[in-house]
Every structure is written in structure tokens, then in C-alpha cells.
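Asks:
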Ligand SMILES: [Zn+2]
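Residue numbers (UniProt numbering): 1 to 333.
Now the structure itself:
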């Protein structure tokens, strides 16, 4: 008898024993119904003297990976995903929105897809747009937000700034963002190239224009508020910006869309993403910053990585690997 047969016999014996232990149920005793709903999705931890809460806007399905991930190494996508036990035919991103309480201000990093653009707000399907419900579940009200800190002006990052009627969702908030991104995504003359440009610009105009009198234009390597420093990381958009969050000597990079996939774009940083404004520059920025993150051993909070997006980047071969931080539920340490 070989090991395979032995294992099968073991499972069979276990199943028989389990079946013998099932007790008969009374006729009236119904099985518990499946809940068929999602739990609130928020995760809280301390970062130095700050309190961080990651809140989900829901998952964002991209569909066939080869439609979004292109360029160098794209011929290896199926194998790379299969090796990690991921669906090779469908890539799904998360939307991990960081809320940071510095003790003085409450900051919200990006807003999710929101509902401001009607049917277009559901262009990635019905799973997005959960930010406000999850924010409230985490005990945070939209009117408490002092500043929305945007990484860039794409739909899944700023379309939650206003509601369907164009009213500000965060009535007391300033909006910190890179000026080049505001210019680019509110300029009708950029409605050219890929089909999504038209709706991306319409959505950015509706959402950003509502906060025109509340903009804080971020500058590279300068603090937005004490402990939060803008790090210019262009390519995905012209003004794409990461934010370094430092308290009590610990630094975490809120990396925005520096990398959209924890396997494809870390193993192959020079692979390209079809929504990039400048894919080559985006890839160079990603390669440079991943090297820095791996060297400095800073923590990363990634918007699109598996929930809640907190971990570290390490050098692996000629690329990088993602090491997710365990989600303790009994500690804020
Ligand atoms: Zn994004």
C-alpha cells in the first residue's frame, strides 16, 4: 500500500466516524439560515501616538488579469497567479481606506468609489461603495473628517467626495492633493486616448470642483500635517502621491496605487498597468520606491492589496515579496 492509499483510507475512516456521531434532528428544528451578508470591514491599530483605522470601500474586481496587467513579464501572469493559489482568470483588488487620528486632526486617505456618478460608480460591479457604512460601523462620522488626503484623482480614490446630488460628503474637510493631478483630471482637453478617460474626467470634475475653496496643494517631501509627509510618486497619474506617516520613530507609507497587485507588480515591478497615465514612468517609480521600502524596512499600507493592506516589502530574487502583518484582534499595540 502506498502513502496515497493510506491517506485516503484515513479520510474515509474519519468521515465514517463523523457520520456516526450526527444525531437525528427534530422535524421542527430548522437549520440556521445562511446570513448571506457581509460583516462591517474595519481594522484598528496604533501607530506610535496615532490611531489608525483601515476602512473598506469593498472589493474591486478587474476581470481578466491580462486586460489590466501588460508589458514586461505579462506572459507569465497565469503561472504567477496559479503559484499563489489565486484565480488566473480574474484579478480582484481591495480598497483599503486609511483613517488616521493624529490626536489633533482626523484624516481620511482617499474616499473609495462612492455613489456620485450613478451607474458609472458601479463600473467595477456592485461590491464597491461601502466606505460610509463601514466608516460609521467603525464609530467615525463623515462630518468628523478634518482633511481628505488624496493619493490621486482616479474614480476609486476621489469619487466618494460628493454624493449623487453633488453635495459634499465630508462637509468639514479640506482636501489635500497634488495640484498637477487636479489640473489634469479636471481638464476636458485630456478626454482622449482610452475610453475610460471621458468618465474619469467627468467624475473628477464633479467631485473635486465641490471642494475648490478647500484645497491644500501638497508638495513633495513636505508635511501635510505634522507626521504626514507627501512623497511624489508619479506615473500612475501625473501627480500620484504617497504619504509617509511617522510617529514615535515608526514610519508607514500609505502607498496609494504605487502597486496594484501584491504578486504581479511586486514580482515584476516593471510590468505595466493599463490605467497608468504614463506606464513606463509608473514602473520606474514603483521599482525605485519598492527598493527603498525593502531597504528601509518601513511598513506599507497599500490601497489595493488584500485586506487590510498592511505589511512589508522584501527583496525576493530580482523582484519583491509581500509580507502581510498579522491582524491582532485583541490588541491596539
Ligand atoms: Zn486605485
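We treat Cβ as the ideally placed atom computed from N, Cα and C, and that holds for glycine.
Report all residues from its chain with a CB closer than 8 Å to the CB of residue 29; omit the five preceding and five following residues, and keep chain order.
Replies: If we look at residue 29 and ignore the five residues flanking it on each side, it has no Cβ neighbours.
Asks: Do you know offhand how far residue 292's Cα is from residue 44's?
Replies: The straight-line gap from Cα to Cα measures roughly 26 Å.
Asks: So, using beta-carbon positions, are residue 63 and residue 31 closer together than 8 Å?
Replies: The answer is no: Cβ separation not under 8 Å.
Asks: Contact check, residue 161 vs residue 186 under 8 Å by CB: the rounded distance?
Replies: Wrong, their Cβ atoms sit about 13 Å apart, outside the cutoff.
Asks: Quick check on this structure: which residue in 109, 324, 271 and 294 has the alpha carbon closest to the alpha carbon of residue 80?
Replies: It is 271 whose Cα lies nearest to the Cα of residue 80.
Asks: Specify the secondary structure class of residue 103 as computed by DSSP and reduced to three states.
Replies: In the structure shown, residue 103 sits in coil (DSSP, three-state: anything other than H, G, I, E or B).
Asks: Please output, in chain order, the residues near ligand 1 using a CB cut-off of less than 5 Å to any non-hydrogen atom of the ligand.
Replies: Residues with a Cβ closer than 5 Å to any heavy atom of ligand 1, in chain order: 156 and 257.
Asks: Using DSSP bridges, identify the partner residues of residue 143.
Replies: According to DSSP, residue 143 bridges with nothing at all.
Asks: If we count the other Cβ atoms within 10 Å of its Cβ and call it buried at 16 or more, is residue 332 buried or exposed?
Replies: Result: exposed.
Asks: What residue from 309, 315, 116 and 253 has the CA that sits closest to residue 324's CA?
Replies: Ranking 309, 315, 116 and 253 by Cα distance to residue 324 puts 309 first.
Asks: Put residue 197 into one of helix, strand or coil per three-state DSSP.
Replies: It is helical.
Asks: In whole angstroms, give me the CA-to-CA distance for residue 326 and residue 151.
Replies: About 25 Å.
Asks: Quick one: is residue 119 buried, meaning 16 or more other Cβ sit within 10 Å of its Cβ, or exposed?
Replies: Its Cβ having fewer than 16 others within 10 Å, residue 119 is exposed.
Asks: Taking residue 65 as part of the beta strand (DSSP E), name the residues at either end of that continuous run.
Replies: Residue 65 -> not in any beta strand (DSSP E); alpha helix (DSSP H) instead, spanning 65-68.
Asks: Compare the Cα-Cα distances from residue 352 to each of 35, 39, 69 and 40 and report the closest residue.
Replies: The structure shown has nothing for residue 352, since the chain only spans 1 to 333.
Asks: So who's on the other strand from residue 149, going by DSSP bridges?
Replies: Its beta-bridge partners are 109 and 176.
Asks: Cα-Cα, which of 268, 71 and 262 is closest to residue 322?
Replies: That would be 262, whose Cα lies nearest to the Cα of residue 322.
Asks: Would you mind sorting residue 204 into buried or exposed? The rule is 16 or more other CB atoms within 10 Å of its CB.
Replies: With 16 or more other Cβ atoms within 10 Å, it is buried.
Asks: What's the gap between the Cα of residue 251 and the Cα of residue 298?
Replies: About 6 Å.
Asks: Who are the near neighbours of residue 78 in its chain, counting only those whose CB is closer than 6 Å to its CB and skipping five residues on each side?
Replies: Hits under 6 Å: 88.
Asks: How should residue 195 be labelled, buried or exposed, when 16 other C-beta atoms within 10 angstroms of its C-beta is the threshold for buried?
Replies: Result: exposed.
Asks: Evaluate residue 34 with the Cβ neighbour count: other Cβ atoms within 10 Å of its Cβ, from every protein chain shown; 16 or more gives buried, anything less gives exposed.
Replies: Its Cβ having fewer than 16 others within 10 Å, residue 34 is exposed.
Asks: Nearest-angstrom Cα distance between residue 50 and residue 103?
Replies: Residue 50 and residue 103: Cα-Cα distance of roughly 7 Å.
Asks: If you check the beta carbons only, do residue 313 and residue 243 fall under 8 Å apart?
Replies: No, Cβ-Cβ distance for residue 313 and residue 243 is not below 8 Å.
Asks: From residue 121 to residue 75, what distance separates their C-alpha atoms?
Replies: C-alpha separation (whole angstroms): 31 Å.
Asks: For residue 315, which of helix, strand or coil comes out of DSSP?
Replies: The answer is strand: DSSP assigns residue 315 an E or B state.
Asks: Work out the CA separation of residue 206 and residue 237 for me, nearest whole Å.
Replies: If I take the Cα positions, the gap works out to 18 Å.
Asks: Give the DSSP-derived three-state secondary structure of residue 279 in the structure shown.
Replies: Three-state result, residue 279: helix.
Asks: Kindly indicate the opening and closing residues of the alpha helix (DSSP H) around residue 267.
Replies: Start and end: 264-267.
Asks: Whose C-beta lies closer than 7 Å to the C-beta of residue 72 among residues of the same chain, with five residues either side of it excluded?
Replies: So the qualifying residues of the chain are 268, 270 and 271.
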